[in-house]
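Under the working numbering, residues 54 to 204 are what the sequence shown spells out, in order. For each residue, glycine too, the CB sits at the ideal point set by N, CA and C. The next block holds one structure in the form of structure tokens; read it before the comments.
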Amino acid sequence: MRYLWLFIIFINGLTFAQQVDQKALDEPKNAFCPPLNQLVRDEQGGKWSAPGGWYTVTFSFGREVTGFNGAIFSGQTLGTVSCIYSVSNNAPKITLFNTQLISKPTSKNWASKDRKLVCSATQVSECPFVPFKANTSDKDLNQMILDLPKR
């Protein structure tokens, strides 16, 4: 009888551990603008980029990134984030864009300004955001279209 109770307690512990692990997997993970040391300037084109699909669209005279100035969220419930950096040579600030969809940021550093959310900060870690993750249980959109009944 004592072994039965130990077995039941052991099984309950495993079930609880599986629930906790699944919850941890389901929680969204914060992302951030690229750190300064990851920004790379194309010497010929004068544009900046960073790993993860970050890029600028305009030429910059700045040769070195000197600081992080914040981020801007454009959108409603979903949108995109742009990251703003200062550069050397008194050149205008650079803005890195990314096409990844982002859920509307909710942390305290994000404030509404001119119909956008702005995060004014000096460290990329002060402007967290959560990349949008489509529900993987949904069918592929193309497959859904193909599955529509024909007339």
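In three-state DSSP terms, what is residue i?
i, result
"S102", "strand"
"N83", "coil"
"L206", "No answer is possible for residue 206: the residues shown for the chain start at 54 and end at 204."
"S165", "strand"
Could you work out which residue in the options is closest to residue i when comparing CA atoms only?
i, options, result
"N90", "Q97, S160 and Y138", "Y138"
"V120", "K146, L154, F114 and A187", "The sequence as given places Gly at residue 120; Val does not occur at that position. Cα-wise, what sits closest to G120 is K146."
"R94", "K166, S113 and R168", "S113"
"P81", "K166, G132, A187 and A144", "A187"
"P184", "T109, Q153 and V118", "Q153"
"L170", "Q129, K100, Q196 and L92", "Q129"
Leaving out five residues on either side along the sequence, give the residues of the same chain with a beta carbon under 8 Å from the beta carbon of residue i.
i, result
"P87", "A103, P104, G105, W107, C136, L149 and V177"
Please go through the same chain and pick out, in chain order, the residues whose beta-carbon is closer than 7 Å to the beta-carbon of residue i, but skip the five residues on each side of it.
i, result
"C180", "F85, C86, G123, A124, N162, C172 and A174"
Below 6 Å CB to CB, which residues in the same chain sit around residue i once its five sequence neighbours on both sides are set aside?
i, result
"V134", "A124, F126, I155 and F182"
"N151", "G106 and W107"
Does the beta-carbon of residue i, which I'm using as the reference point, lie nearer than 7 Å to any heavy atom of the ligand ZN?
i, result
"Q91", "With respect to the ligand ZN, the structure shown offers nothing to examine, as it has no ligands at all."
Write down every uninterrupted run of the alpha helix (DSSP H) in the segment 99–154 whose length is 4 residues or greater and which is fully enclosed by it, in chain order. Every candidate alpha helix (DSSP H) stretch fails here, since none sits fully inside the segment 99–154 while reaching 4 residues.
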